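Visitor:
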Amino acid sequence: MSTALAGGRWIRADLRARKGQAALTVLAVAGIVAALITAVTLLEDGTNPWRNLSAQTDGAHVWLYTKDSPQAALGAIDGVTDTAGPYRSAPVTVAQDGKKEPAALRAMPAARPKVAHPVVAEGRWLDSSQLDGVVVERSFATSLRLKIGAPFTIIALSGERHTLYVRGIADSAEQGFYPEWTPGLAWVLPTMLERIEPMLGRSEWVTGLRLSDPDSAQLVSQRVVVMLEDQLQRVYTWREVRAAMELDNRLLGTLLALFGVVGMVAAALALANAAGGRVLGQLRDLATLKSMGFTRGQIALLLLVEHGALGLLGVALGTLSGWVVTAAFLGGVSVAPVPMLAIVAGTSLVVLAAVGVPAWRGGRTPPIPGAPAAPPRGHLSRMARLALLVRLPPALILGTRDAFTRRVPAFLTVFGLAVPMMMITIGLGVWSTLDGFLRHPEQVGQHASLYVKPGKLEPAEAKAVTERDPDVRAVYPGTDVNALAPGEARSVRVRALGTTSEPYPFPVVEGRMYARPGEAVAGQGLLDLLGLKIGDRVRLTVGGSPLIVRIVGRTVEPDLDGEVLSVGLDSLAAKDSVPPEHYALALRPGADPGEVRARLLAESGESLEVQRVVNPADRLAVIRVVIVALIVVLSLIGLANLLTASALGLRDHALDLAVLKAMGLTPRQVMATLVTGTGLLVVLGVAAGTAAGISMVTGLIDLQGHTSGVGAGIGRAPSALTLTLAVLAAVGAALAVALIPARRAARAQVPVTAR
Amino acid sequence: MNPVLKTVNLVKIYSGGAVPVPAVRGVDLQVEPGEFVAIMGPSGSGKSTLVHMLGGLDARTSGEIWLDGQRVDTLSESAWALLRRKKVGFVFQFFNLVANMTVADNVELPALLAGVSPKDARERRESLLGALNLAERADAAPGQLSGGEQQRVALARALANQPSVLLADEPTGNLDSRNTRDVLRLLSDVHKEGQTIVMVTHDARVASLADRLVSLFDGEIVDDGRIARRRTGTAGAVIDLR
Numbered sequence: 093m094s095t096a097l098a099g100g101r102w103i104r105a106d107l108r109a110r111k112g113q114a115a116l117t118v119l120a121v122a123g124i125v126a127a128l129i130t131a132v133t134l135l136e137d138g139t140n141p142w143r144n145l146s147a148q149t150d151g152a153h154v155w156l157y158t159k160d161s162p163q164a165a166l167g168a169i170d171g172v173t174d175t176a177g178p179y180r181s182a183p184v185t186v187a188q189d190g191k192k193e194p195a196a197l198r199a200m201p202a203a204r205p206k207v208a209h210p211v212v213a214e215g216r217w218l219d220s221s222q223l224d225g226v227v228v229e230r231s232f233a234t235s236l237r238l239k240i241g242a243p244f245t246i247i248a249l250s251g252e253r254h255t256l257y258v259r260g261i262a263d264s265a266e267q268g269f270y271p272e273w274t275p276g277l278a279w280v281l282p283t284m285l286e287r288i289e290p291m292l293g294r295s296e297w298v299t300g301l302r303l304s305d306p307d308s309a310q311l312v313s314q315r316v317v318v319m320l321e322d323q324l325q326r327v328y329t330w331r332e333v334r335a336a337m338e339l340d341n342r343l344l345g346t347l348l349a350l351f352g353v354v355g356m357v358a359a360a361l362a363l364a365n366a367a368g369g370r371v372l373g374q375l376r377d378l379a380t381l382k383s384m385g386f387t388r389g390q391i392a393l394l395l396l397v398e399h400g401a402l403g404l405l406g407v408a409l410g411t412l413s414g415w416v417v418t419a420a421f422l423g424g425v426s427v428a429p430v431p432m433l434a435i436v437a438g439t440s441l442v443v444l445a446a447v448g449v450p451a452w453r454g455g456r457t458p459p460i461p462g463a464p465a466a467p468p469r470g471h472l473s474r475m476a477r478l479a480l481l482v483r484l485p486p487a488l489i490l491g492t493r494d495a496f497t498r499r500v501p502a503f504l505t506v507f508g509l510a511v512p513m514m515m516i517t518i519g520l521g522v523w524s525t526l527d528g529f530l531r532h533p534e535q536v537g538q539h540a541s542l543y544v545k546p547g548k549l550e551p552a553e554a555k556a557v558t559e560r561d562p563d564v565r566a567v568y569p570g571t572d573v574n575a576l577a578p579g580e581a582r583s584v585r586v587r588a589l590g591t592t593s594e595p596y597p598f599p600v601v602e603g604r605m606y607a608r609p610g611e612a613v614a615g616q617g618l619l620d621l622l623g624l625k626i627g628d629r630v631r632l633t634v635g636g637s638p639l640i641v642r643i644v645g646r647t648v649e650p651d652l653d654g655e656v657l658s659v660g661l662d663s664l665a666a667k668d669s670v671p672p673e674h675y676a677l678a679l680r681p682g683a684d685p686g687e688v689r690a691r692l693l694a695e696s697g698e699s700l701e702v703q704r705v706v707n708p709a710d711r712l713a714v715i716r717v718v719i720v721a722l723i724v725v726l727s728l729i730g731l732a733n734l735l736t737a738s739a740l741g742l743r744d745h746a747l748d749l750a751v752l753k754a755m756g757l758t759p760r761q762v763m764a765t766l767v768t769g770t771g772l773l774v775v776l777g778v779a780a781g782t783a784a785g786i787s788m789v790t791g792l793i794d795l796q797g798h799t800s801g802v803g804a805g806i807g808r809a810p811s812a813l814t815l816t817l818a819v820l821a822a823v824g825a826a827l828a829v830a831l832i833p834a835r836r837a838a839r840a841q842v843p844v845t846a847r
Numbered sequence: 482m483n484p485v486l487k488t489v490n491l492v493k494i495y496s497g498g499a500v501p502v503p504a505v506r507g508v509d510l511q512v513e514p515g516e517f518v519a520i521m522g523p524s525g526s527g528k529s530t531l532v533h534m535l536g537g538l539d540a541r542t543s544g545e546i547w548l549d550g551q552r553v554d555t556l557s558e559s560a561w562a563l564l565r566r567k568k569v570g571f572v573f574q575f576f577n578l579v580a581n582m583t584v585a586d587n588v589e590l591p592a593l594l595a596g597v598s599p600k601d602a603r604e605r606r607e608s609l610l611g612a613l614n615l616a617e618r619a620d621a622a623p624g625q626l627s628g629g630e631q632q633r634v635a636l637a638r639a640l641a642n643q644p645s646v647l648l649a650d651e652p653t654g655n656l657d658s659r660n661t662r663d664v665l666r667l668l669s670d671v672h673k674e675g676q677t678i679v680m681v682t683h684d685a686r687v688a689s690l691a692d693r694l695v696s697l698f699d700g701e702i703v704d705d706g707r708i709a710r711r712r713t714g715t716a717g718a719v720i721d722l723r
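Protein sequence lines correspond, in order, to chains Y and W.
Start counting the first sequence at 93; every next residue gets the next number (this note's numbering).
Start counting the second sequence at 482; every next residue gets the next number (this note's numbering).
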């Protein structure tokens with residue numbers, strides 16, 4: 093108790109003497125912990141809305157689309173506990189605020205079913221007394237800015253317009269969110285659907301199967317494929333829905349986790365460095381404490397408590413801010429307690445381990461206060477001899493010598509700066525990759541920046557209109573179809589665009605472009621999904637007819653997790669490819685897609701449907717915010733390391749300063765000596781970190797690309813200019829920080845005996 | 482009367498380098514309660530080493546040390562630390578105040594460490610600093626004080642727990658004559674109140690303040706004798722030192 097009181101006084105006094113450094117430590121640790129917690133929350137399933145929605149709606153696990161109402165006894169399949177539907181569904185276009193969006197109009201009775209029933213979030217469910225009512229799926233309604241009571245104008249395939257009124261907005265676990273998952277979903281009463289789309293041939297039937305064991309979805313869907321054969325249009329399971337709802341959380345989470353884990357190493361290093369440097373600077377005080385009656389263990393404990401408390405405060409602050417951030421952006425319920433506790437415990441342990449060693453060493457300080465704590469002196473370091481050899485000014489030589497007199501702290505300083513710098517370089521690489529997406533959309537498969545659907549016009553007429561536009565460089569006819577992959581029992585997207593004689597310039601990064609009908613290129617996601625490699629042949633079923641293609645290349649594929657097969661239009665059967673569903677327009681460099689879109693709409697009398705392509709970089713814009721925040725935290729860590737190095741360098745030289753001055757060094761030269769000592773370590777650390785970052789960044793981004801299905805080949809190292817600026821900024825800031833204490837020390841009257 | 486401090490054939494050999502260096506070679510010393518012993522000797526005679534060993538800051542190579550009738554040379558480093566809290570006060574040449582703590586905190590620290598309540602520690606500090614004419618500097622940082630003031634604070638700190646013995650290692654070695662005089666007057670005052678003091682110095686004028694002078698040469702006691710003194714009993718004797 094008595095020691096605690098006395099120790100408390102000492103800790104308080106010491107912390108007061110180094111407020112800035114202490115605050116820096118706390119902030120750095122807090123930033124890293126916050127990043128880790130956010131990362132875990134994003135990676136944890138808790139943020140995925142699917143689980144909740146599925147529970148609320150008693151959702152089905154397998155969804156299948158058939159041409160006719162399925163006759164087979166789907167409910168009798170092993171493991172199926174309930175079936176939803178079959179419901180009739182018709183494709184329509186929703187016209188809203190001048191935009192036209194694809195939608196599936198689903199017939200559902202006024203009495204909601206037991207399984208896979210949408211949950212009304214606003215308004216009410218369908219009511220047979222109000223036939224013109226429609227309930228819109230929530231993300232679709234949000235995208236269209238629909239409110240309860242708003243008119244909902246739809247255009248049937250026949251071109252006929254109907255106006256319905258939004259009676260309710262509902263959640264569903266049946267499909268992903270709009271616009272990532274198209275078409276949008278809206279429910280009407282069966283009688284209304286018959287009125288809108290009387291032709292049975294233009295609609296399909298949707299059936300949901302609820303399983304006793306969701307993990308058997310794959311098996312069940314395979315049974316369905318076998319049972320329904322040609323009737324089946326496509327089938328998907330809850331896993332695809334969940335993956336679609338995940339959006340970019342996983343990418344962000346991975347990024348944050350990478351930065352968090354490496355950052356934690358850097359923070360631990362900074363903490364150990366700071367504690368170690370502080371202990372070295374306090375050897376005399378520690379000896380005095382011992383002479384007053386502190387035992388070895390008590391000194392060690394004192395140091396552990398002081399430095400550990402800073403780290404733990406950082407952990408607490410980080411946990412709190414991480415929780416606030418995730419709660420603010422993802423909703424409070426989504427923070428998973430177990431991983432969060434694991435992070436808190438883990439980082440606390442790391443913090444205590446990091447300060448444990450210096451604390452233990454501090455405890456072993458000999459109790460004779462006079463004992464000199466001078467750095468080991470001896471021969472000039474190799475660097476210093478080199479400096480001497482090339483006839484550097486004396487201040488630089490002395491500084492070079494000083495930089496390496498204490499090997500371990502010198503190494504820790506270099507390493508402690510290199511790690512944050514490496515991560516900053518990687519962050520800049522991610523940034524420049526995003527810039528690359530924006531600047532060269534063709535490298536991520538977005539050669540075309542506008543997609544035109546003929547709408548009311550005849551396809552040939554639509555093509556003619558687009559080709560007339562002066563800014564349109566090329567027009568590629570295309571069609572998107574869903575194909576069933578055998579064995580996989582799920583649908584994949586087949587994108588037919590361009591022809592083999594006039595192919596769409598897909599960004600092929602491996603293998604080659606398709607050159608004749610029957611050849612295809614695929615995204616990494618598709619290759620992984622079907623276990624294929626370049627050169628393999630694959631047999632798919634498109635609307636009942638087989639599509640056999642050989643995969644000759646891999647493209648960068650940012651859509652649909654890379655699970656896309658791209659072929660020439662002439663590889664598809666005529667029934668699927670004629671007429672083309674849409675045209676992809678490649679514009680002249682410098683042309684504004686918005687202008688061209690407006691012109692095309694005007695030209696065609698609003699008959700065309702023109703859509704702009706969304707660049708993946710726009711979707712990932714939040715990553716830039718994250719990168720900036722992480723760079724700030726990493727800079728704090730670097731700064732903490734730097735302050736330690738600078739303080740230690742100054743301390744080691746307090747005695748030398750008088751001697752140096754006596755030898756005839758001017759204050760300016762003394763200052764240069766001190767700055768060189770720290771600056772050399774800084775330059776080494778920054779250079780090493782940047783080099784390590786450059787060597788890793790493209791590989792890391794490509795690895796992430798590979799796992800996310802986009803595929804390797806997207807990673808870009810930061811440009812030389814950016815890197816030079818970053819390095820200069822780091823070194824400049826470091827020198828500025830080192831300069832202030834050096835200046836003060838050089839000017840101060842140093843008593844020769846002060847030690 | 483039992484001696485406060487007793488050593489029997491105390492030896493210290495530094496064996497860190499290539500050749501073992503004997504610093505203290507068989508010292509037998511006995512310090513009675515209330516005695517003021519000055520240890521003198523040229524540089525390297527082992528006087529600082531001796532005083533460090535007496536306070537447990539340095540471990541002996543062989544021999545015995547007895548403090549207040551208890552054998553202490555066999556104690557561990559931690560046991561020594563606990564013993565120092567109550568029985569040993571140290572004053573060093575370079576003051577050795579904890580730089581980050583205020584004067585008040587520096588003086589209160591040993592009292593707190595000895596288990597005194599914060600309130601009592603504060604009272605004790607106030608009376609000590611008051612007696613040393615430093616009451617108004619209580620909230621200053623050590624760096625803001627002159628050398629003499631710092632040494633007076635160090636003295637106050639060493640006396641905070643009324644130790645059995647005050648060990649002073651060249652307490653005036655870093656002070657000018659005026660400050661030396663102040664510090665010596667204080668030492669003399671506390672000695673008169675019955676404080677046992679062992680002081681290392683190489684200054685004969687400083688040593689003449691003591692009751693007894695022990696001369697050390699190459700780690701051995703070469704002379705040990707009482708100083709016959711004119712008992713003026715006032716500070717005037719100290720002022721005469723100048």
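Built from N, CA and C at the ideal position, the CB exists for glycine as well.
Since the model is a prediction, treat every value here as computed from it, not as a measurement.
Given Y/His399, which residues of its chain have a CB within under 6 Å of its CB, disregarding the five upstream and five downstream residues?
Guide: Taken in chain order, the residues that qualify are Ala367, Val447.
Visitor: If we count the other Cβ atoms within 10 Å of its Cβ and call it buried at 16 or more, is Y/Ser304 buried or exposed?
Guide: exposed
Visitor: Y/Leu742: which of Y/Thr765, Y/Ser250, Y/Ala809 sits nearest, CA to CA?
Guide: Selected option, being the one with the closest Cα: Y/Thr765.
Visitor: Taking only beta-carbon positions, decide if Y/Arg453 is within less than 8 Å of chain W.
Guide: No, Y/Arg453 does not count as interfacial toward chain W.
Visitor: Could one say the Cβ of Y/Arg101 lies closer than 8 Å to chain W's Cβ atoms, at least one of them?
Guide: yes
Visitor: Answer yes or no: does any C-beta atom of chain Y fall closer than 8 Å to that of W/Arg566?
Guide: yes
Visitor: If the cut-off is 9 Å on Cβ atoms, which residues from the segment 680 to 709 of chain W count as contacting chain Y, listed in chain order?
Guide: From the segment 680 to 709 of chain W, no residue has a Cβ closer than 9 Å to chain Y.
Visitor: On the DSSP bridge list, what partners appear for Y/Tyr328?
Guide: Y/Tyr328 pairs with Y/Trp155.
Visitor: Between Y/Arg836 and chain W, is there a C-beta pair that is closer than 8 Å?
Guide: no
Visitor: So Y/Lys111 contacts chain W; which residues on that side make the cut at Cβ distance below 8 Å?
Guide: Simply none; closest approach about 11 Å.
Visitor: Starting from the beta carbon of Y/Leu97, find every residue of chain W whose beta carbon is closer than 7 Å, and list them in chain order.
Guide: Leu593, Pro599
Visitor: Where do the N-terminal and C-terminal ends of the beta strand (DSSP E) with Y/Gly570 fall, by residue?
Guide: 564 to 577
Visitor: I'd like to know whether the C-beta atoms of Y/Val544 and Y/Leu692 end up nearer to each other than 8 Å.
Guide: yes
Visitor: Taking C-beta to C-beta, are Y/Glu649 and Y/Val802 nearer than 8 Å?
Guide: Cβ atoms of Y/Glu649 and Y/Val802: closer than 8 Å.
Visitor: Would you please state the rounded distance, in angstroms, between the beta carbons of Y/Ala116 and Y/Ala732? I believe it to be under 8 Å.
Guide: In the sequence as presented, Ala is not what sits at residue 116 of chain Y; that position holds Leu. Correct: roughly 5 Å between the Cβ atoms.
Visitor: What are the residues in the segment 575 to 589 of chain W lying within 8 Å of chain Y by C-beta distance?
Guide: Of all residues in the segment 575 to 589 of chain W, Phe575, Asn577, Leu578, Val579, Ala580, Asn581, Met582, Thr583, Asp586, Glu589 have a Cβ within less than 8 Å of some Cβ in chain Y.
Visitor: If we ignore side chains and look at the alpha-carbon of each, how far apart do W/Leu486 and W/Gln551 end up?
Guide: 9 Å
Visitor: For a test of the three-state rule: what should DSSP assign to Y/Ser383, helix, strand or coil?
Guide: helix
Visitor: Since Y/Asp219 contacts Y/Ala202 with CB under 8 Å, what's their CB separation in whole angstroms?
Guide: The pair is a contact, with the Cβ atoms about 6 Å apart (cut-off 8 Å).
Visitor: Can you confirm whether Y/Ala105, when its beta carbon is compared against all beta carbons of chain W, has any partner nearer than 8 Å?
Guide: yes
Visitor: Run through chain W and tell me which residues come within less than 7 Å of Y/Gly389, C-beta to C-beta.
Guide: Neighbourhood of Y/Gly389 in chain W, by CB distance below 7 Å: Ser559, in chain order.
Visitor: Please confirm whether Y/Pro895 and Y/Pro275 have their CB atoms less than 8 Å apart.
Guide: A query on residue 895 of chain Y cannot be resolved here, the shown segment of chain Y reaching from 93 to 847 and no further.
Visitor: Does any residue of chain W bring its CB to less than 8 Å from the CB of Y/Ser385?
Guide: As written in the sequence, residue 385 of chain Y is Gly, which differs from the Ser given in the question. With its beta carbon less than 8 Å from one in chain W, Y/Gly385 belongs to the interface.
Visitor: Distance, Cα to Cα, Y/Ala127 vs Y/Ser583?
Guide: 37 Å
Visitor: With DSSP run on the structure shown, which of helix, strand or coil describes Y/Gly81?
Guide: The first residue shown for chain Y is 93 and the last is 847, placing residue 81 of chain Y beyond what the model contains.
Visitor: How big is the Cα-Cα spacing for W/Pro501 and W/Ile494?
Guide: Rounded to whole angstroms, W/Pro501 to W/Ile494 spans 6 Å at the Cα level.
Visitor: Indicate whether the contact test is met: 3 or more Cβ pairs, each with one atom in the segment 627 to 641 of chain W and one in the segment 516 to 531 of chain W, closer than 8 Å.
Guide: For the pair of segments examined, the segment 627 to 641 of chain W was found not to touch the segment 516 to 531 of chain W: the number of CB pairs separated by less than 8 Å stays below three.
Visitor: Nearest-angstrom Cα distance between Y/Pro183 and Y/Ala248?
Guide: The straight-line gap from Cα to Cα measures roughly 7 Å.
Visitor: Suppose you measure from the CA of Y/Glu594 to the CA of Y/Arg180; what does that come to, to the nearest Å?
Guide: 39 Å
Visitor: On the premise that Y/Ala809 lies in contact with Y/Gly521, defined as a C-beta separation below 8 Å, what is that separation, rounded to the nearest angstrom?
Guide: 5 Å
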